[in-house]
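**Q** Going by my numbering, the sequence shown opens with residue 4, and the numbers climb by one from there. We put the CB at the ideal spot given by N, CA and C, even for glycine. Once you've had a glance at the structure underneath, I'll fire off some questions.
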Amino acid sequence: MSLRRERGEYHELENRLSKQRIQIFYAIVIISLLVIIGRLWYFQIAKGEYYAHLSEGNRMRQIRTSPSRGIIYDRHGNPLIRSRHAFTVSLVPGGIPQNSQAVMELLGEILQMSDEELKEAIERGRGHPYESVRLVRDVDPKTVIAIEENRFLLPGVFIEVEPVREYLCGNLASHFLGYLGLISAQELNQLSDQGYRSSDLIGKSGLERLYEKELRGEPGFQVVEVDALSRPVQISGQVDPIPGSNLITTIDSELQLAAQNAMQEHLATIRQNYPEATSGAIVVIDPRTGELLAVVSEPGFDPSLFLNAKERNNYIRQLNNSSDLPLFNRVVQGQYGPGSVIKPFIAVAMLEEGVITPDTVFNATGTSKYGVRDWVIPLGLAPFGEITLTDALAVSSNHFFAEHGAQVGIDRLSVWLRNFGFGQPTGLEIAPAESAGLVPDREWKRERFSDRPSSERVWYPTDTEQISIGQGFLTTTPLQLAVAYCAIANRGIAYKPTLIRQIVGPSGEIKLENSPEVLIELDASKENLEAVIEGMQAVITHPRGTARNSFGDFPIKIAGKTGSYEIPNQPNHGLFAGFAPADDPEIVVVVIVEHGGGGGSAAAPIARKVFDAYFGLGKND
Numbered sequence: 004m005s006l007r008r009e010r011g012e013y014h015e016l017e018n019r020l021s022k023q024r025i026q027i028f029y030a031i032v033i034i035s036l037l038v039i040i041g042r043l044w045y046f047q048i049a050k051g052e053y054y055a056h057l058s059e060g061n062r063m064r065q066i067r068t069s070p071s072r073g074i075i076y077d078r079h080g081n082p083l084i085r086s087r088h089a090f091t092v093s094l095v096p097g098g099i100p101q102n103s104q105a106v107m108e109l110l111g112e113i114l115q116m117s118d119e120e121l122k123e124a125i126e127r128g129r130g131h132p133y134e135s136v137r138l139v140r141d142v143d144p145k146t147v148i149a150i151e152e153n154r155f156l157l158p159g160v161f162i163e164v165e166p167v168r169e170y171l172c173g174n175l176a177s178h179f180l181g182y183l184g185l186i187s188a189q190e191l192n193q194l195s196d197q198g199y200r201s202s203d204l205i206g207k208s209g210l211e212r213l214y215e216k217e218l219r220g221e222p223g224f225q226v227v228e229v230d231a232l233s234r235p236v237q238i239s240g241q242v243d244p245i246p247g248s249n250l251i252t253t254i255d256s257e258l259q260l261a262a263q264n265a266m267q268e269h270l271a272t273i274r275q276n277y278p279e280a281t282s283g284a285i286v287v288i289d290p291r292t293g294e295l296l297a298v299v300s301e302p303g304f305d306p307s308l309f310l311n312a313k314e315r316n317n318y319i320r321q322l323n324n325s326s327d328l329p330l331f332n333r334v335v336q337g338q339y340g341p342g343s344v345i346k347p348f349i350a351v352a353m354l355e356e357g358v359i360t361p362d363t364v365f366n367a368t369g370t371s372k373y374g375v376r377d378w379v380i381p382l383g384l385a386p387f388g389e390i391t392l393t394d395a396l397a398v399s400s401n402h403f404f405a406e407h408g409a410q411v412g413i414d415r416l417s418v419w420l421r422n423f424g425f426g427q428p429t430g431l432e433i434a435p436a437e438s439a440g441l442v443p444d445r446e447w448k449r450e451r452f453s454d455r456p457s458s459e460r461v462w463y464p465t466d467t468e469q470i471s472i473g474q475g476f477l478t479t480t481p482l483q484l485a486v487a488y489c490a491i492a493n494r495g496i497a498y499k500p501t502l503i504r505q506i507v508g509p510s511g512e513i514k515l516e517n518s519p520e521v522l523i524e525l526d527a528s529k530e531n532l533e534a535v536i537e538g539m540q541a542v543i544t545h546p547r548g549t550a551r552n553s554f555g556d557f558p559i560k561i562a563g564k565t566g567s568y569e570i571p572n573q574p575n576h577g578l579f580a581g582f583a584p585a586d587d588p589e590i591v592v593v594v595i596v597e598h599g600g601g602g603g604s605a606a607a608p609i610a611r612k613v614f615d616a617y618f619g620l621g622k623n624d
């Protein structure tokens with residue numbers, strides 16, 4: 004009985020425990036259901052609108068679309084720089100998985116980019132994780148196919164079509180047309196409110212930089228649906244970009260090419276005797292308007308190589324390491340001693356100040372009071388003897404100009420040189436900006452040598468003699484020389500130089516039309532200017548004229564002047580400046596060849612080819 008009772012009590016206890024377990028289980032199930040229902044209510048009702056927007060945000064993207072950059076034309080309507088559509092490999096930083104090493108390795112292999120380059124690109128887009136960052140522009144079809152074939156292994160990477168810059172004439176006028184480059188952190192900080200992003204290209208020099216706002220246009224955007232790999236699959240809406248405005252320049256592309264070829268060919272020739280002759284500058288300007296027809300800074304560069312991410316850094320390093328300074332714009336930034344090409348302006352000062360007349364006869368014995376010598380003396384040739392102003396310009400007599408320039412004095416000479424525009428920018432629309440050059444005077448010397456003994460701060464007559472022959476402290480840019488020669492060519496007036504004829508909007512509306520703007524208006528008599536021009540023509544026609552070898556057979560009247568600037572322990576810089584036709588000038592040409600020897604042999608032959616090209620004359624004409 005006792006055993007039976009114990010067994011009954013055991014079964015009763017077991018039944019009670021089973022019921023308790025079932026009750027606990029049901030309680031857990033009920034509580035879990037209540038928690039699930041509560042969370043569903045929270046997500047779907049209390050926070051439903053918030054998470055709906057979040058889901059939509061993960062599915063929808065607003066993508067910027069780039070405008071087509073404006074076209075840059077030459078004066079005849081020939082395109083020099085334009086935009087064309089091409090494939091670009093882009094990346095959405097927010098679409099890259101946390102463990103992205105496999106993605107980076109595959110992408111780097113396809114694009115031939117290092118891990119560092121890819122990481123740098125991703126980092127540039129961190130501020131806008133769901134906007135595309137351009138990795139490589141203008142990729143070939145092979146790269147496009149490789150990206151598409153591996154699309155599921157490359158989340159966040161996609162191909163887009165966008166405008167890319169195309170430089171149709173290579174390095175033609177590259178310093179003036181300019182180039183594009185990746186926007187810098189400083190530029191981005193200044194321009195981010197204008198819609199720029201870290202992978203954008205922006206004008207870095209020349210017209211591309213100066214007219215960035217006009218050329219760029221206005222970006223648009225697309226609202227697109229993306230897949231799980233952050234790749235666009237469908238456009239839901241869009242605002243089209245507005246193309247940039249077009250620039251009509253003053254450049255004559257055929258004349259520009261002829262000038263560049265003339266410089267390069269002649270440099271190659273004279274390097275046989277002057278190995279350092281690797282650089283120079285040419286300015287061709289219409290004196291009637293101030294329009295620049297050709298501008299050469301040699302050596303130049305290829306602006307298209309700044310667009311290619313693979314080549315850009317190496318190319319920039321190569322340019323910066325070159326001793327020839329190919330990025331340096333010699334036309335507007337180079338500051339050169341003018342040598343004897345300054346003499347026509349000194350002649351105007353001497354005539355206007357009454358120191359000489361056109362008929363004054365001077366006995367050029369070969370050496371001035373303070374030691375300036377005519378070029379014939381070191382060669383052991385006879386002095387020029389009795390000469391007039393016309394003769395002095397023709398044979399480039401240093402003695403004549405040193406003696407009479409010293410009589411004018413630096414106080415008046417400096418005024419006349421500034422009246423011709425020396426020592427100040429011309430106002431050309433260019434970036435980087437022009438150098439001012441230097442017109443020295445007494446005050447300048449006192450300040451410049453303020454740390455020297457008082458005897459070295461005084462302006463001496465010998466300083467004036469040096470200025471009068473284009474040596475010493477006086478410096479000028481090739482563009483300043485060209486504008487000053489325009490003032491003589493026009494018999495007293497020069498116009499502000501310009502590279503722009505028109506700016507035309509994308510719909511064809513004229514936004515800007517340039518007209519000649521007077522820059523220099525000389526208070527000088529026409530008779531004195533004509534006397535100087537007569538002497539400049541004698542540079543060509545005189546039996547001992549310094550440019551006779553290059554222009555003696557030229558069928559059109561030219562007024563010109565050669566010059567050489569002495570460099571200690573190095574070959575001279577050679578210069579030529581002139582205009583034609585002498586009686587009714589259409590063009591002014593200035594040529595400078597660094598370390599090429601005398602102007603008659605280094606610069607005048609180049610100028611001859613430029614005049615030939617402008618007037619349509621062949622070598623045998």
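Quick one, which of Phe387, Leu354, Pro381 has its alpha-carbon nearest Asn366's?
**A** Translated into the one-based positions of the sequence shown, residue 366 becomes position 363. It is Phe387 whose Cα lies nearest to the Cα of Asn366.
**Q** If I follow the unbroken beta strand (DSSP E) through Leu250, where does it start and stop?
**A** By 1-based counting over the sequence shown, the position of residue 250 is 247. Its beta strand (DSSP E) spans residues 249 to 252.
**Q** Spell out a yes or no on whether the region 252 to 265 and the region 286 to 296 are touching, meaning 3 or more CB-CB pairs, one atom from each, closer than 8 Å.
**A** With the cut-off at 8 Å, the region 252 to 265 and the region 286 to 296 touch.
**Q** Could you spell out where the alpha helix (DSSP H) holding Tyr170 opens and where it closes?
**A** On the sequence shown, position 167 is the one that residue 170 refers to. Note, Tyr170: premise wrong, no alpha helix (DSSP H); beta strand (DSSP E) at 160 to 170.
**Q** How many Å lie between Pro481 and Gly240 at the Cα?
**A** Locating residue 481 in the sequence shown gives position 478, where the first residue counts as 1. Locating residue 240 in the sequence shown gives position 237, where the first residue counts as 1. Rounded to whole angstroms, Pro481 to Gly240 spans 54 Å at the Cα level.
**Q** Starting from Phe90, trace the beta strand (DSSP E) in both directions and tell me its first and last residue.
**A** Translated into the one-based positions of the sequence shown, residue 90 becomes position 87. Phe90 -> beta strand (DSSP E) spans 82 to 94.
**Q** In terms of alpha-carbon separation, which member of Ala487, Thr370, Ser177, Ser201 lies closest to Ile657?
**A** Residue coverage of the chain in this structure runs from 4 to 624, which leaves residue 657 outside it and unanswerable.
**Q** Does the region 86 to 106 come into contact with the region 269 to 289, if we say contact requires no fewer than three beta-carbon pairs (one atom in each stretch) closer than 8 Å?
**A** Contact fails: fewer than three Cβ-Cβ distances are below 8 Å.
**Q** Going by CA-CA distance only, name the one from Glu120, Asp118, Ile238, Ala436 that's closest to Gln336.
**A** Here residue 336 corresponds to residue number 333 of the sequence shown, with the count starting at 1. It is Ala436.
**Q** Alpha carbon to alpha carbon, how far is Val242 from Glu228? Give it in angstroms, no decimals.
**A** Counting from 1 along the sequence shown, the entry for residue 228 is found at position 225. Counting from 1 along the sequence shown, the entry for residue 242 is found at position 239. Cα to Cα, the separation comes out at about 15 Å.
**Q** Do the CB positions of Phe331 and Tyr318 come within less than 8 Å of each other?
**A** Here residue 331 refers to the residue found at position 328 when the sequence shown is read from its first residue. Here residue 318 refers to the residue found at position 315 when the sequence shown is read from its first residue. Going by C-beta atoms, Phe331 is not nearer than 8 Å to Tyr318.
**Q** Spell out the partners DSSP gives Asn366 in its beta bridges.
**A** Within the sequence shown, numbered from 1, the residue matching residue 366 stands at position 363. Answer is Glu389.
**Q** Output the boundary residues of the beta strand (DSSP E) element that contains Arg376.
**A** Within the sequence shown, residue 376 is the residue found at index 373, counting from 1. That residue, Arg376, is in no beta strand (DSSP E); it is neither H nor E in DSSP.
**Q** If you run the structure through DSSP and keep just helix, strand and coil, what is Ile349?
**A** Your numbering for residue 349 matches position 346 in the sequence shown. If DSSP states are grouped into helix, strand and coil, Ile349 belongs with the helices.
**Q** As a quick exercise: from Leu384, Phe582, Ser457, Tyr463, pick the residue whose alpha carbon is nearest that of Arg494.
**A** Here residue 494 is taken as the residue at index 491 of the sequence shown, counted from 1. The shortest Cα separation from Arg494 among Leu384, Phe582, Ser457, Tyr463 belongs to Phe582.
**Q** Check whether the Cβ atoms of Thr91 and Pro222 sit closer than 8 Å, and answer yes or no.
**A** If you number the sequence shown from 1, residue 91 lands on position 88. If you number the sequence shown from 1, residue 222 lands on position 219. Their beta carbons are not under 8 Å apart, which means Thr91 does not touch Pro222 by this criterion.
**Q** Less than 6 Å between C-beta atoms, sequence neighbours within five positions excluded: which residues of the same chain meet that for Pro584?
**A** As a working mapping, residue 584 is identified with position 581 in the sequence shown. The residues are Ile559, Lys560.
**Q** Can you tell me whether Val164 is buried or exposed, with buried defined as 16 or more other CB within 10 angstroms of its CB?
**A** Counting from one through the sequence shown, the residue named residue 164 turns up at place 161. The residue is exposed, with fewer than 16 neighbouring Cβ atoms inside 10 Å.
**Q** Contact between the region 195 to 210 and the region 174 to 184 is defined here as three or more beta-carbon pairs at a separation below 8 Å; is this criterion met?
**A** Yes: the two stretches touch, three or more of their Cβ pairs being nearer than 8 Å.
**Q** Using a Cβ-Cβ cut-off of 6 Å (strictly less than) and excluding sequence neighbours within five positions of Ser58, which residues of its own chain qualify?
**A** Counting from 1 along the sequence shown, the entry for residue 58 is found at position 55. Unreliable placement is indicated for Ser58, whose pLDDT of 47 sits below 50; no coordinate value is reported for it.
**Q** Return yes when the Cβ of Gln267 is within less than 8 Å of the Cβ of Ala297, no when it is not.
**A** As a first step, residue 297 must be located in the sequence shown, where it is residue number 294. As a first step, residue 267 must be located in the sequence shown, where it is residue number 264. Taking 8 Å as the Cβ cut-off, Ala297 and Gln267 do not qualify as a contacting pair.
**Q** Rounded to a whole number of angstroms, what is the C-alpha to C-alpha distance between Thr393 and Gly247?
**A** Numbered from its first residue, the sequence shown carries residue 393 at position 390. Numbered from its first residue, the sequence shown carries residue 247 at position 244. Taking the straight line joining both Cα atoms gives about 53 Å.
**Q** One question on the structure: do Ser399 and Ser471 come within less than 8 Å of each other, judged by their Cβ atoms?
**A** As a first step, residue 399 must be located in the sequence shown, where it is residue number 396. As a first step, residue 471 must be located in the sequence shown, where it is residue number 468. No. Outside cutoff.
**Q** Pairing CB atoms from the region 372 to 382 with CB atoms from the region 452 to 468, are three or more of them under 8 Å?
**A** Yes, since at least three Cβ pairs between the region 372 to 382 and the region 452 to 468 fall closer than 8 Å, the two stretches touch.
**Q** What residue does the alpha helix (DSSP H) around Ser208 start on, and which one ends it?
**A** Stepping through the sequence shown from its first residue, residue 208 is reached at position 205. Here Ser208 belongs to no alpha helix (DSSP H), and DSSP marks it neither H nor E.
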